[in-house]
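Trainee:
Number of protein chains: 2
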Amino acid sequence: MSSAVKIFDTTLRDGTQGEGISLSVEDKLKIAQKLDELGVHYIEGGWPGSNNKDIEFFERAKQLSLKQAKITAFGSTRRKDTDPADDVNLNKILESGVSVATIFGKSWDFHVHKALQTSLEENLAMIYDSVFYLKSKGLEVIYDAEHFFDGYKQNQAYAMQTIQKAAEAGADWVVLCDTNGGSMPSEITRIVTDVAAQVNCPIGIHAHNDCELAVANSIAAVHAGARQVQGTMNGFGERCGNANLCSILPNLQLKLSYTCISPEQMTQLTNTARYVSEIANVHMPLNQPYVGSAAFAHKGGIHVSAILRHAKTYEHLTPELVGNKQRVLVSELAGQSNLVFKAQELNLDLDMQNAQTKQVIQEIKDLEHQGYQFEGADASLELLLRKASGQVEDVFEVKSFKVSIERHRDQAVRSEAIVKLAVKNEEVYTVASGNGPVNALDNALRKALIDFYPDIQRMHLSDYKVRVIDEKDATAAKVRVLVESSDFENTWSTVGVSENVIEASWQALVDSLRYALTGKTAVTPNKEREAERSGLLNH
Amino acid sequence: MSSAVKIFDTTLRDGTQGEGISLSVEDKLKIAQKLDELGVHYIEGGWPGSNNKDIEFFERAKQLSLKQAKITAFGSTRRKDTDPADDVNLNKILESGVSVATIFGKSWDFHVHKALQTSLEENLAMIYDSVFYLKSKGLEVIYDAEHFFDGYKQNQAYAMQTIQKAAEAGADWVVLCDTNGGSMPSEITRIVTDVAAQVNCPIGIHAHNDCELAVANSIAAVHAGARQVQGTMNGFGERCGNANLCSILPNLQLKLSYTCISPEQMTQLTNTARYVSEIANVHMPLNQPYVGSAAFAHKGGIHVSAILRHAKTYEHLTPELVGNKQRVLVSELAGQSNLVFKAQELNLDLDMQNAQTKQVIQEIKDLEHQGYQFEGADASLELLLRKASGQVEDVFEVKSFKVSIERHRDQAVRSEAIVKLAVKNEEVYTVASGNGPVNALDNALRKALIDFYPDIQRMHLSDYKVRVIDEKDATAAKVRVLVESSDFENTWSTVGVSENVIEASWQALVDSLRYALTGKTAVTPNKEREAERSGLLNH
């Protein structure tokens, strides 16, 4: 049997069923382009029979110049008691102009009776006619057998008949769906093996993650003979998500020697996963397998240098194969050797005999002792290491800030921030309001800097976390604020610690902007705009 | 073979290796109590040989009254060329007072040479001596075979010898660790089967999630004969995390008919998972299998009532079995019966026909929709339920508040709060400074109330947590503040939600004081002190 496995990405269709995930047509086109570069074989773009946004996507997708991926449109089998040629849904697939149709039908007798409210025979005819009609129009047809595993467990003979009908009608693929996500790998193995022995058509698997087994179930199906895997980037999807292609791809190809995409394409995996997260505006978990920023992170300690020397025995995979990289987390247990290693990663020279270097190293240790936690704040650490190596840039200097928050009965809360900075030897003095004090500070800072550094409009804060370090005396205790910021390519994290939540937030905000602006050249601001900005102080 | 599987929770030890996870001794004690109620068999509390915080945990854990869970301490085998009786690390385990020791040793010849820098024979002796020593002191001994699967793949004979030594020395369990998380389920099945056939000792599995297969690998090991599963709540842990017990427990017991905990305990799974997330201040993904809030969420639509009528065919499991609930994303159907149940717990009568009751129930639903999460804030919920039942007391009324935070170069930050309340029909107007804005507000509030309610000096804030609810636009997004307060007898938690971190903190602070003062009788303040207090406004 061939070791080639086809990858069917449904991020744009099933992925958008996930809570909090919504993609514009523009977003979908960008993601489709990126998925093609990654090398997936099928991109399911949407359901043209269900909404106009999807129709627009298929129209505009014709302009994409894809290297290899085929765009496919989703839809259901024909309605009961209808001629397929008169079926609106099937005709919408044809009108979408795709060369591949993906249609789903019922496998479970219970759903035929209750959801379709028709006979078992009519359902078989609906499957046969729909596949046959689309094949007669020259399309490649993928048949998704909805609820297949549950149906098989309840009425094996009928479930088998449904997919036999699809195969007889000429389906190019029969895809077995674990729609409710409740199957165990042992069941998948048994059932796919049985199907592969009886059905004369290539088989695919479509798994959901309700038991945290979607990746395992997809692999089990491939072992049992499936040669197409359906899933989504980062496992987006309804309830607990679809099978995560970002884990399935490296598992199949790098661990189990199946062939899915080229090795060069595999090095784009991390980058693609992060891009899709960014476009969907969904926070990617640090600990996501293979592509998360903690996936190859080592906690520092006395043994860190030994770990790095023999990385292969402490890492299950070379991270570069999937485009990720090793990271050393600098935690309180960490020693000087970690900092040196970290500096090397950044191409900074630390001369440990140098007085300033020694002083900054001591400063980092003192900060850790106070409660700074650099393992979640790489950008703040990088700024300090730059200082230690003498390669620091003072992109701006803080003179003062002031925030006030006020609420009177039955009125909304008001937050106002005033910021005084020195940028390129000019004093800049701005005021801004915001939804809260941190937002007001962020707005005032940006207002002060945007004329010098127009690029900052590309970046935004993507996460904000606060934690009390010592809980003994909570509101008088130190708090640690972590701020995560992103632009279109990168994400970076900064930290602030203070007894004052606003002061800690301010430190993290200032670090975030300093980090973003390091290496950028300030422009001389337009004098008119500057006058306008200063004028705001009079309000 | 018995169907009973023992659950070994290492949230407090391996879980804290996760990036961004840090637990105080107090946090660990709370989690241990909750894990015992869930019914896990072993709770690994820490590594007493590695740090003083863990030593303190074991000391204080002696005061916990656990129903069934055994607390276990972690450590390594003895150092090379040492008598176990002289080994500091082993003796720290004994000194911790636990009845179960969990020690790890090397299985992989490569690591013996490179990390331990000793001979293969000495490593075998280290394992044998360490297990034998702890057994001779009367402890139950769990032997964790670190890097076992990688070691077995490289040098099968030697890896087998290491665990045979542990078994010969009397280990109660040999636990096979996939330390790097890189093994596939098919490998786990093959290797555990081989070990089970050769080693005369109960076997356990310790998996990591680097390939998104930790749950599948744990199950595969149980199928192959393992009868102990090590993992963490929510899959916390280094890199991509440890095996997630929140998925393994229901998979083993509800899907595969193994016996782990009682059915009643299983209904505490969701609640425990969320509690641990709250305490660790880690955002629980909506889509987490079994316990996430989207795990049984149905997107509303025309078929939603049909879905609900035949829920069993659209859900892989009845959510109540794991203490979760079905959610319909469009119309909020859930909640009311839970609130009635909660009110009964508090001896409050809710008359669901009463207009005010209906209105407050609607208010609670709206608040949940906004992002309030009452699971971690029982006191805030109780205040609302008291309002719903008409048994509310207005201990004080807020007229206005104002906070300002200011810093000038080289000076310390200053925080000042002004509060205007009505207490017993008197207007009270106070100002106070603090270490931060929340502390200043707390001080001003207390100053306003202490003459009426002298008891409030007995209470203090014991924890303060902030979380961004919607990460899309971080500093302009809603934040949720949880405040925990204590007096000498009780601890209670309150919540506030706002786009403004100060406003949210204020809500939680006010709720905390309202809760504490409910049922207390206000005294008439001494006029002299009152005059003095008012005078403070002139400063």
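Same order as they appear, the protein sequences are chains A and B.
Numbering (the UniProt record's numbering) for the first sequence: 1 to 539.
Numbering (the UniProt record's numbering) for the second sequence: 1 to 539.
The C-beta atom is built at its ideal place from N, Cα and C for all residues, glycine as well.
By Cβ distance below 7 Å, which residues in the same chain neighbour D473 (chain A) in space, the five residues on each side in sequence not counted?
Mentor: Only weak support exists for where D473 (chain A) lies, its pLDDT of 45 falling under 50; the coordinates are left without a value.
Trainee: Determine the contact status of S99 (chain B) and K135 (chain B), defining contact as a CB-CB distance below 8 Å.
Mentor: In this structure, K135 (chain B) does not lie closer than 8 Å to S99 (chain B) by Cβ.
Trainee: Could you name the residues of the same chain whose beta carbon sits closer than 7 Å to that of N324 (chain A), not counting the 5 residues immediately before and after it, in chain order?
Mentor: Cβ within range, chain order: T270, Y290, V291, A295, F296.
Trainee: What are the residues of the segment 383 to 403 of chain B that lie near chain A, defined by any Cβ-Cβ distance shorter than 8 Å?
Mentor: V398, K399, S400, F401, K402, V403
Trainee: Just checking, does the segment 244 to 258 of chain A make contact with the segment 217 to 233 of chain A on the three C-beta pairs under 8 Å criterion?
Mentor: The segment 244 to 258 of chain A and the segment 217 to 233 of chain A touch, with no fewer than 3 CB-CB distances between them shorter than 8 Å.
Trainee: Mind pulling the chain B residues with CB within less than 8 Å of E44 (chain A)?
Mentor: Neighbours of E44 (chain A) on chain B: none; closest Cβ ~18 Å, over 8 Å.
Trainee: Show which residues of chain B have a CB atom less than 8 Å away from the CB atom of H206 (chain A).
Mentor: Under the 8 Å cutoff, chain B gives no residues; its nearest Cβ is about 15 Å from H206 (chain A).
Trainee: Rounded to whole angstroms, how far is the Cβ of A508 (chain B) from the Cβ of K424 (chain B), which I believe are closer than 8 Å?
Mentor: The pair is not a contact, with the Cβ atoms about 24 Å apart (cut-off 8 Å).
Trainee: For A448 (chain B), which residues in the same chain have their Cβ closer than 6 Å to its Cβ, ignoring the five residues on either side in sequence?
Mentor: Correct list, in chain order: V419, L421, V428, T430.
Trainee: At a CB-CB cut-off below 9 Å, which residues of chain A make contact with K114 (chain B)?
Mentor: A306, R309, H310, T313
Trainee: If contact means a Cβ-Cβ distance below 7 Å, which residues of the segment 116 to 138 of chain A contact chain B?
Mentor: none
Trainee: Can you tell me which of the three DSSP states K137 (chain A) falls into?
Mentor: DSSP places K137 (chain A) in coil when its eight states are reduced to three.
Trainee: If you compare alpha carbons, which of B:S107, B:V174, B:Y133, B:D9 is closest to Y152 (chain B)?
Mentor: B:S107
Trainee: Please confirm if R79 (chain A) has its CB atom under 8 Å from at least one CB of chain B.
Mentor: no
Trainee: Following the continuous beta strand (DSSP E) through Q228 (chain B), name the residue where it begins and the one where it ends.
Mentor: Looking at the DSSP string, the run of the beta strand (DSSP E) that includes Q228 (chain B) is 228 to 231.
Trainee: May I ask you to list, following chain order, the residues of the segment 230 to 259 of chain B that have a beta carbon less than 7 Å from some beta carbon of chain A?
Mentor: E238, R239, C240, G241, N244, S247, N251, K255, L256
Trainee: Using the Cα positions of I450 (chain B) and L90 (chain B), report the straight-line distance between them to the nearest angstrom.
Mentor: Answer to the nearest angstrom: the Cα atoms are 52 Å apart.
Trainee: Do you know how far the Cα of V215 (chain B) is from the Cα of C177 (chain B)?
Mentor: Cα to Cα, C177 (chain B) sits roughly 13 Å from V215 (chain B).
Trainee: Once the 5 residues before and after T524 (chain A) are set aside, which same chain residues still bring their CB inside 6 Å of it?
Mentor: No residues qualify anywhere along the chain.
Trainee: Pull up the DSSP beta-bridge partners for G496 (chain B), would you.
Mentor: G496 (chain B) is bridged to B:V481.
Trainee: Quick one: list the residues of chain A neighbouring V98 (chain B), beta-carbon separation under 9 Å, in chain order.
Mentor: Ordered by position in chain A, no residue passes the 9 Å Cβ test against V98 (chain B), which lies about 23 Å from the chain.
Trainee: Note down, in chain order, each residue of its chain lying with its Cβ closer than 6 Å to the Cβ of G49 (chain B), except the 5 sequence neighbours on either side.
Mentor: Spatial neighbours of G49 (chain B) in its own chain (CB-CB distance under 6 Å, excluding positions within 5 residues in sequence) are listed in chain order as G75, N89, K92.
Trainee: Suppose the cutoff is 8 Å on Cβ atoms and the five residues either side in sequence are ignored; what does the same chain contact list for D394 (chain A) look like?
Mentor: none
Trainee: Under the three-state reduction of DSSP, which class applies to N242 (chain A): helix, strand or coil?
Mentor: strand
Trainee: In whole angstroms, what separates the C-alpha of N500 (chain B) from that of R414 (chain B)?
Mentor: 19 Å
Trainee: How close, in whole Å, do the beta carbons of V174 (chain B) and Y143 (chain B) come, if the pair is a contact with beta carbons under 8 Å?
Mentor: At roughly 5 Å, the Cβ-Cβ gap stays under 8 Å, so V174 (chain B) and Y143 (chain B) are in contact.
Trainee: Can you name the residues of chain A whose CB is closer than 8 Å to the CB of Q17 (chain B)?
Mentor: The answer, in chain order, is K299.
Trainee: Sorted by chain position, which residues of the same chain lie with C-beta nearer than 6 Å to H539 (chain A)'s C-beta, five sequence neighbours on each side aside?
Mentor: Only weak support is given to the placement of H539 (chain A): the predicted model assigns it a pLDDT of 35, under 50, and the value that follows is read from those uncertain coordinates. So the list is empty, once near-sequence residues are dropped.
Trainee: Figure out for me which residue from A:Q117, A:F57, A:M126 has the closest Cα to the Cα of E95 (chain A).
Mentor: A:F57
Trainee: Name, in chain order, the residues that DSSP records as bridge partners for residue 541 (chain B).
Mentor: Limits of chain B in this structure are 1 at one end and 539 at the other, which puts residue 541 (chain B) out of reach.
Trainee: Between D86 (chain B) and the rest of its own chain, which residues show a CB-CB distance below 8 Å, the 5 nearest in sequence each way excluded?
Mentor: Residues of the same chain with their beta carbon placed closer than 8 Å to that of D86 (chain B) are lacking, with the five preceding and five following residues left out of the count.
Trainee: Counting only beta-carbon atoms, is E471 (chain A) nearer than 8 Å to chain B?
Mentor: Per-residue confidence for E471 (chain A) stands at a pLDDT of 47, beneath the threshold of 50, marking its modelled position as unreliable; no derived number is given.
Trainee: On the three-state DSSP scale, how would you describe T189 (chain B)?
Mentor: helix
Trainee: Count the CB pairs spanning the segment 9 to 16 of chain B and the segment 258 to 273 of chain B that are closer than 8 Å, and state whether there are at least three.
Mentor: no
Trainee: If you measure beta-carbon to beta-carbon, which residues of the segment 407 to 430 of chain A are closer than 7 Å to chain B?
Mentor: R407, H408, R409, V413, S415
Trainee: Let me know the beta strand (DSSP E) ranges lying completely inside the segment 136 to 224 of chain B, each 3 residues or longer, listed in chain order.
Mentor: 140 to 146, 173 to 178, 203 to 207
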